[in-house]
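Visitor:
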Amino acid sequence: MTNPNILRAARAIAAAVVHGTSDDPALEAAQQLDELGLLAPSTDPFSTPGRNRPEPSPAAVAALDQCRRAKNVADTARAQADGMPGKPDVSSAGGEVLFVVHPRSLADWKQWMHALGVGDARGDSTGAAMTVRCTYGGVRARLVGVGVPALYGERLDYVGRRTAVRP
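Written out as structure tokens, the structure is:
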């Protein structure tokens, strides 16, 4: 069975080519096909005439604003972090700024914590990295120190050896 719209489409194309009034007969033919409803609809259901796109929720607007602010803070922080130790990688995702650093010593880690205004916040250890949550530039931030638990372990071993030697 053939498509019954083929004949209608052929007539519309012929009319546009033969009797068209514009300099672009292909565009005129496409417009005719669209007016006859012979073209596939747009993939966006809200682009159909007569349908309105719903207003975004206040929560969605707030989340978008938070993501934009985090991106701006990360862009600024990236330039400021260049002189800091530990090969910093600064990015943003989900409305949060992420600082991933590879400190060579506990002094480097403390410098990062001080620069971000973390203070004496308690971090969570994954065994391979230490994560400290804070606020930086008015947005949520996470400082991830790769290798920091090992640095603390070395420090504890050093202190343990020093106290074990004393009589």
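Position 129 of the sequence shown, counting from 1, maps to 132 under my numbering, and the rest follow consecutively. From the three backbone atoms N, C-alpha and C, an ideal C-beta is built for every residue, glycine too.
Buried or exposed, going by whether 16 or more other CB atoms sit within 10 Å of the CB of Gln35?
Guide: As a position in the sequence shown, residue 35 is number 32, starting the count at 1. Buried, by the Cβ-count rule.
Visitor: How is Arg107 classed by DSSP in three states: helix, strand or coil?
Guide: What you label residue 107 is simply residue 104 of the sequence shown in a count that begins at 1. In this structure, Arg107 counts as coil in the three-state DSSP scheme.
Visitor: Tell me the DSSP secondary structure of Asp92 in three-state form.
Guide: Translated into the one-based positions of the sequence shown, residue 92 becomes position 89. In this structure, Asp92 counts as strand in the three-state DSSP scheme.
Visitor: Could you work out which residue in Gly156, Asp111 and Arg11 is closest to Gly40 when comparing CA atoms only?
Guide: The residue labelled residue 40 in the question sits at position 37 within the sequence shown. For the residues Gly156, Asp111 and Arg11, the minimum Cα distance to Gly40 belongs to Arg11.
Visitor: Between Ala77 and Val93, how many whole angstroms is the CB-CB distance? I'm expecting something under 8 Å.
Guide: Here residue 77 corresponds to residue number 74 of the sequence shown, with the count starting at 1. Here residue 93 corresponds to residue number 90 of the sequence shown, with the count starting at 1. The Cβ separation is near 5 Å, so the contact holds.
Visitor: Expressed to the nearest angstrom, what Euclidean distance is found between the alpha-carbon atoms of Ala82 and Ala43?
Guide: Reading the sequence shown from its first residue, position 79 is the one you call residue 82. Reading the sequence shown from its first residue, position 40 is the one you call residue 43. When rounded, the distance between both Cα atoms is 48 Å.
Visitor: Are the CB atoms of Met87 and Gln114 nearer to each other than 8 Å?
Guide: Numbered from its first residue, the sequence shown carries residue 87 at position 84. Numbered from its first residue, the sequence shown carries residue 114 at position 111. Yes; because the gap between Cβ atoms is below 8 Å, this pair is in contact.
Visitor: For Gly122 and Met116, what's the separation of their Cα atoms in angstroms?
Guide: Taking the first residue of the sequence shown as 1, we reach residue 122 at position 119. Taking the first residue of the sequence shown as 1, we reach residue 116 at position 113. Cα-Cα distance, rounded: 6 Å.
Visitor: Quick check: Val104 and Gly148, are their CB atoms within less than 8 Å of each other?
Guide: Indexing the sequence shown from 1 puts residue 104 at position 101. Indexing the sequence shown from 1 puts residue 148 at position 145. Less than 8 Å separates the beta-carbon of Val104 from that of Gly148.
Visitor: Identify the continuous alpha helix (DSSP H) that holds Ala144 and give its terminal residues.
Guide: Against the sequence shown, residue 144 aligns to sequence position 141. Element bounds for Ala144: not the alpha helix (DSSP H) but the beta strand (DSSP E), Val142 to Val149.
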